[in-house]
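Quick note: the sequence shown, position 245, residue 1326 per the working numbering, numbers continuous.
Even for Gly, the Cβ is constructed at its ideal location relative to N, Cα and C.
Below is one structure, written out as C-alpha cells; comments come after it.
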Amino acid sequence: MNKQEVILSENLESSVKRAIGRCAHDKIFILTDKHTHLLCMPQLIGIPELHTAIEICIEADDISKTLDTLAHVWQVLSDKGATRHSLLINLGGGMVTDLGGFAAATFKRGLNYINIPTTLLAMVDASVGGKTGINFNGLKNEVGVFAPADSVLIDTNFLRTLDSYNFFSGYAEMLKHGLISTDEHWNELLAFNTEQIDYSYLKSLVGHSVHIKEDIVLQDPLEHGIRKALNLGHTVGHAFESLALAEKRPVLHGYAVAWGIVCELYLSTMNVGFPKEKLRKTVSFVKENYGTFYIDCDKYDTLYDFMQHDKKNVGDTINFTLLEDIGKIVINQTANKDNIFEMLDFYRECMGL
Ligand code: GLY
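Written as C-alpha cells, this is what we have:
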C-alpha cells in the first residue's frame, strides 16, 4: 500500500493545490454531502484548480453509507466521463471519506483520491489509513477495501463550526489514541477544556493524534498485527452501534466507541491487569461527556450476536484488543460469553443503569 501524505494545513488553498499537484489527472470530481455542500464547498469553489470540478452531492449521515449511494456515485462518475486518470476529492466526514474512498478504489479498478475531512472523527481516524467501505446487511463497514488516499488534507478551521456531538464523537477516537500511546497524551486529553475550546491547542492535539495513527498504519497497513491496536473499544462499540441502528435510535460512531472503551477497559482490568484507577478515570470522563447508551440485560444476547459478526474475528472467537496499561497493547485477546455478559453488567452498573 502506498504511503499517503497527510498535510496539517495552514492554508486551505495552498494545501489543496499541493495535493492536486501530486496527482496527474484529466478531470476532478468532488464528493460532498448535503451538509458539506452548504458549509464547506464554498471554501473550495474559489480555488482556480477546482473551477471545472464536477460536484457529486449525496445525502448526509451514516444511514446513507449504503450500496445504493455507492451505485449513485459510480453512476455519476460514469455519466460525466470519469476515467482511470480522474481524481476524486472527498469533502466531508467519515461517511463521505469511507464511501468516496471505496468508490474511487473500485471505479474502473481504481482512481486517485484526496480526502479533505471536515469533522474531528474523519480528521483523526476515518480519512487516514486507507480503510474504505460501506455498511451492509445492518453491519457497519461490512464491505470495503484497503485503499489509501493519495493525500489527506487536514484543516482544523472546519472544526470551528462543528456541533458538540460531532466534536465529542471525534474526541473518542483521540482518547483511544491516548490510551494506546502514552500516559502524558492520555492525561492531556482528559484535562483538555472542551467547554471553551482553544483551537490552536486543539490543532496540536489533532496533529499528535493523527501521528499516532499514521505511525501504527505504516507498521501494519493491512491490519495483520499492531494495527489492531486501533480497534480498542470497537468490538463492543460496533455492537452498540449496530443495536442502535437496528432499534432506530442511531448514535454517532464515536459515542459507541467511548462506551465500547469503557467495556473493553473493564475486560483489560479483569483479564490483563489494566490499572483500576486509570479505568475509573476513563469511565468518569466518558460518563460525564458521553452520557449513557441504555441497554438492559435482555439485549445481551443480541449484542453478543453482533460481536460474533465482527469482521475482526477469526473463526467463532470474538477478538478484542486490550491494554495491560496505557500504551501496553495486547492484541488477539478473546473472551467467552460469561466474560462478555459480566463486562456488560459492569457497563450498566458504572453508567447507573
Ligand atoms: N479505525 C481503525 C483503523 O483505521 O484501523
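Residue i: first and last residue of the uninterrupted alpha helix (DSSP H) it sits in
i     : result
E1322 : H1315 to A1327
C1344 : H1334 to V1353
C1104 : No alpha helix (DSSP H) contains C1104, which DSSP labels as neither H nor E.
S1208 : Per DSSP, S1208 belongs to no alpha helix (DSSP H) and is neither H nor E.
L1303 : No alpha helix (DSSP H) holds L1303; DSSP gives it neither H nor E.
C1138 : Element bounds for C1138: not the alpha helix (DSSP H) but the beta strand (DSSP E), I1135 to I1139.
E1091 : Premise fails: E1091 is in no alpha helix (DSSP H) and is neither H nor E.
L1240 : Where L1240 is concerned, there is no enclosing alpha helix (DSSP H), given that its DSSP letter is neither H nor E.
L1151 : L1148 to D1160
Integer-rounded CB distance, given that residue j should sit under 8 angstroms from residue i
i     : j     : result
K1257 : G1306 : In fact, because the Cβ distance is near 18 angstroms, the residues do not count as touching under 8 angstroms.
L1112 : I1137 : 5 angstroms
M1424 : Y1336 : That belief does not hold up - the Cβ atoms of M1424 and Y1336 are roughly 18 angstroms apart, past 8 angstroms.
S1250 : H1334 : 6 angstroms
Check: residue i C-beta below 8 angstroms from any heavy atom of the ligand GLY
i     : result
H1305 : no
N1312 : yes
D1206 : yes
K1212 : yes
K1294 : yes
R1330 : no
H1258 : no
R1308 : yes
H1315 : yes
V1226 : no
V1395 : no
V1233 : no
V1287 : no
V1298 : yes
Residues near residue i in its chain [Cβ-Cβ closer than 8 angstroms; skip 5 each side]
i     : result
P1129 : none
D1179 : K1146, A1207, K1212, T1213, G1214, I1215, N1222 and G1225
T1415 : T1398, I1399, N1400 and F1401
A1184 : L1112, L1151, V1154, W1155, L1158 and L1169
Delimiting residues of the beta strand (DSSP E) encompassing residue i
i     : result
F1401 : N1400 to D1406
K1115 : Where K1115 is concerned, there is no enclosing beta strand (DSSP E), although the alpha helix (DSSP H) it sits in stretches over K1115 to L1120.
S1167 : No beta strand (DSSP E) contains S1167, which DSSP labels as neither H nor E.
T1415 : K1409 to T1415
I1041 : No answer is possible for residue 1041: the residues shown for the chain start at 1082 and end at 1434.
Close beta carbons around residue i, own chain, < 7 angstroms, minus the five adjacent residues each side
i     : result
M1432 : K1368 and T1373
F1217 : L1148, E1223 and V1224
I1297 : I1307, R1308, A1310 and L1311
L1220 : S1323 and H1390
Residues near residue i by beta carbon distance below 6 angstroms, same chain, minus five either side
i     : result
D1143 : M1176
F1188 : W1155 and L1158
M1122 : T1113
- Are three or more beta carbon pairs between the region 1190 to 1198 and the region 1097 to 1108 nearer than 8 angstroms? Contact holds: three or more Cβ-Cβ distances are below 8 angstroms.
Review point. Between the region 1354 to 1362 and the region 1402 to 1418, do three or more beta carbon pairs fall short of 8 angstroms?
Key: Because the criterion of three Cβ pairs below 8 angstroms is met, the region 1354 to 1362 and the region 1402 to 1418 touch.
Segment contact, 8 angstroms Cβ cut-off, at least three pairs: the region 1103 to 1119 with the region 1243 to 1262
Contact between the region 1103 to 1119 and the region 1243 to 1262 is not established, with fewer than three Cβ pairs separated by less than 8 angstroms.
May I ask you to verify whether the region 1329 to 1349 touches the region 1226 to 1234, counting CB pairs closer than 8 angstroms and requiring at least 3? Fewer than three beta-carbon pairs drawn from the region 1329 to 1349 and the region 1226 to 1234 are found closer than 8 angstroms, and the two stretches are therefore not classed as touching.
Quick check: the region 1314 to 1323 against the region 1280 to 1297, are at least 3 beta-carbon pairs closer than 8 angstroms? Output reads no: the region 1314 to 1323 does not touch the region 1280 to 1297.
### Query
Would you call the region 1367 to 1380 and the region 1321 to 1335 in contact, with 3 or more CB pairs under 8 angstroms?
Yes: the two stretches touch, three or more of their Cβ pairs being nearer than 8 angstroms.
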